[in-house]
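J.:
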Amino acid sequence: MTATLNKAMLIGHLGQNPEVRTMNNGDYVAHLSVATSENWKNKSAGARRDATEWHRVVLYKRLAEIAGQHLKKGALVYVEGHLQTRKWTGKDGFERHSTEIVGSELRMLHRAGEQSVGFASHEDPPPDRDLVRRVVANGVPS
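Written out as structure tokens, the structure is:
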């Protein structure tokens, strides 16, 4: 069987405070809206251009609880997880689809409005800051 990979890694800013809820079984679930941006120079006009992409991230259990306690709008975060597409029927009867990142790792790179660096991760050791630097510099960890 051919090996496959479903992995997503983002470094971006929170567009709003995390939305944290408690599920029926008592576990936490958090929804994050993370913005990533690209910029480039338009060759013909010479003007700088930029584009922002918004990503929906879902966190569960302890990771969701940590996000709710420590993250605020504007925080710079590193999120790692896998893509998942959900399908449901809306109140209007139409079928809807939503693709989101189910986070398995979360690192707080900068708190909103602060210069300090911290982290939140689900029962893992402190983050490998060199990995984050390599991702920022090269786009791919080595």
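Note that this note's numbering has the sequence shown beginning at 1, numbered continuously upward. Glycine residues also receive a C-beta, built at the ideal position from the N, C-alpha and C atoms. Keep in mind that this is a model prediction, so the values were computed, not measured.
1. When you compare each of Val20, Arg48, Asn17, Leu32 to Pro103 by their alpha carbons, which one comes out closest?
2. Thinking C-alpha only, which one of Gly26, Val29, Thr4, Pro18 is nearest Leu76?
3. Report the three-state DSSP secondary structure of Gln16 (helix, strand or coil).
4. In the structure shown, what three-state DSSP assignment does Leu63 receive?
5. For Ser104, write down the residues that DSSP places opposite it in a beta bridge.
6. Would you identify the three-state DSSP class for Gly81, choosing helix, strand or coil?
7. Cβ atoms of Asn6 and Leu109: under 9 angstroms apart, would you say?
8. Please classify Arg86 as buried or exposed, where buried requires at least 16 neighbouring CB atoms within 10 angstroms.
9. For Arg21, does the count of other Cβ atoms within 10 angstroms reach 16, so buried, or fall short, so exposed?
10. Check each candidate in Gly93, Ser37, Leu106 and name the one with the smallest Cα separation from Ile66.
11. Exposed or buried, what is Gly81 when buried is set at 16 or more other beta-carbons lying within 10 Å of its beta-carbon?
12. Would you say Ala35 and His70 are within 9 angstroms of each other, going by their C-beta atoms?
13. Beta strand (DSSP E) containing Lys182: first to last residue?
14. Flag Arg56 as yes when its Cβ comes closer than 8 angstroms to any non-hydrogen atom of the ligand SAM, and as no otherwise.
T.: According to the data block:
1. Note that residue 103 corresponds to Gly in the displayed sequence, not to Pro. Closest by alpha carbon: Leu32.
2. Pro18
3. coil
4. helix
5. According to DSSP, Ser104 bridges with nothing at all.
6. strand
7. no
8. exposed
9. exposed
10. Leu106
11. buried
12. no
13. Outside the shown range of the chain, which is 1 to 142, sits residue 182, and nothing can be said about it.
14. Of ligands this structure carries none, so the ligand SAM is not represented either.
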